[in-house]
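In the working numbering, the protein residues as written are 66 to 379.
As structure tokens, the structure follows; a few thoughts come after it.
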């Protein structure tokens, strides 16, 4: 599921009629910079020696988004932003009159039944997002033993469910996972690893990010600055999502058969959707793993002396 979400994210950028066809130069330059800032070990070695690079690193993908604001108009892929001052005026009235069931009417039972496959698919993707978030937090917690990062999937389910129930009444939204998407989760966790001076608490870091973006929604200079490059910014986050999802998906596989099943599931998810991918995964698991004995498994990662070693097969 995690690998499928990652490959699907990359497919939205480079697939047919994807974002790359409209903004090739901007996406190439900005994604290249983002990957270098987020994942390059060489940049991390430079960052530790330079305060300016430390500040840039702590900003996450913001430098890449600002670069897109300049690059996209220069290469003719977007218009220059038309900066406006003041505060934005969210269309709460239109939201209430055109999107809530108070105005458009309560859905019929038939519509609820027809929506079951989509609900199931949404939950499958949500499940993958939760596993991904948990993996990132566990990895960060190993570096910061000074704080107990308490991630409870059951509690997350309750929070998501209560939020979505509320949103379905006052303003339907497609949000499924938590307040941090993959690109920001990577940035927050990476900065958290730098110690208390960089980020006192993972909760404070996530809260600061969310309150910062919420404030930006109401400031017209920020809204008008990034409006022309929103698709490029989305493509940027999708690529980071793909990178992290595939990496975590592979690391979650315990045996060669696990990885093979995961790869097939990922391909089916991209081609036919999450529900089909899960169904194929269940069938493959039954065929391949039913009656399996652990001593016959070929492990990919073997933990010895608290270190993970890769077992190579010739």
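We put the beta carbon where it would ideally sit given N, CA and C, even for glycine.
Quick caveat, the model's predicted, so the values are computed rather than measured.
Cβ of residue i within 8 Å of any chain C Cβ
i          : result
residue 96 : As a matter of chain content, chain C is missing from the structure shown, which is built from one protein chain.
Sub-8 Å separation of residue i and residue j beta-carbons
i           : j           : result
residue 197 : residue 310 : yes
residue 335 : residue 251 : no
residue 67  : residue 358 : no
residue 294 : residue 137 : yes
residue 190 : residue 300 : no
residue 254 : residue 202 : yes
residue 320 : residue 348 : no
residue 153 : residue 195 : no
residue 99  : residue 307 : no
residue 249 : residue 257 : no
residue 102 : residue 111 : no
Proximity winner among the options, relative to residue i (alpha-carbon distances)
i           : options            : result
residue 200 : 101, 320, 315      : 315
residue 262 : 120, 87, 88        : 120
residue 72  : 327, 272, 345, 246 : 327
residue 351 : 282, 322, 365, 360 : 322
residue 128 : 343, 291, 365, 308 : 291
residue 284 : 88, 150, 92, 112   : 150
residue 159 : 77, 236, 302, 329  : 236
residue 92  : 168, 273, 141, 269 : 141
residue 365 : 169, 325, 271, 228 : 325
residue 169 : 90, 77, 233, 118   : 233
residue 302 : 96, 86, 87         : 96
residue 271 : 246, 187, 86, 210  : 246
residue 94  : 133, 275, 105      : 133
residue 226 : 210, 211, 188, 204 : 188
residue 155 : 288, 260, 268      : 288
residue 87  : 76, 296, 356       : 296
Where residue i falls, given that 16 or more other Cβ within 10 Å makes a residue buried
i           : result
residue 339 : buried
residue 147 : exposed
residue 135 : exposed
residue 176 : exposed
residue 143 : buried
residue 230 : exposed
residue 183 : exposed
residue 122 : buried
residue 125 : buried
residue 343 : buried
residue 157 : exposed
residue 78  : buried
residue 192 : buried
residue 174 : exposed
residue 224 : exposed
residue 206 : buried
residue 346 : buried
residue 181 : exposed
Residues sharing a beta bridge with residue i, DSSP
i           : result
residue 364 : 320
residue 152 : 284
Coil, strand or helix - residue i by DSSP
i           : result
residue 339 : helix
residue 255 : helix
residue 261 : coil
residue 114 : coil
residue 132 : helix
residue 86  : helix
residue 124 : coil
residue 144 : coil
residue 229 : helix
residue 167 : helix
residue 266 : coil
residue 234 : helix
residue 246 : coil
residue 209 : coil
residue 109 : helix
residue 387 : With the chain covering only 66 through 379, there is no way to say anything about residue 387.
residue 173 : coil
residue 67  : helix
residue 393 : An answer regarding residue 393 cannot be provided, because it is not within the stretch 66 to 379 covered by the chain.
residue 358 : coil
residue 80  : coil
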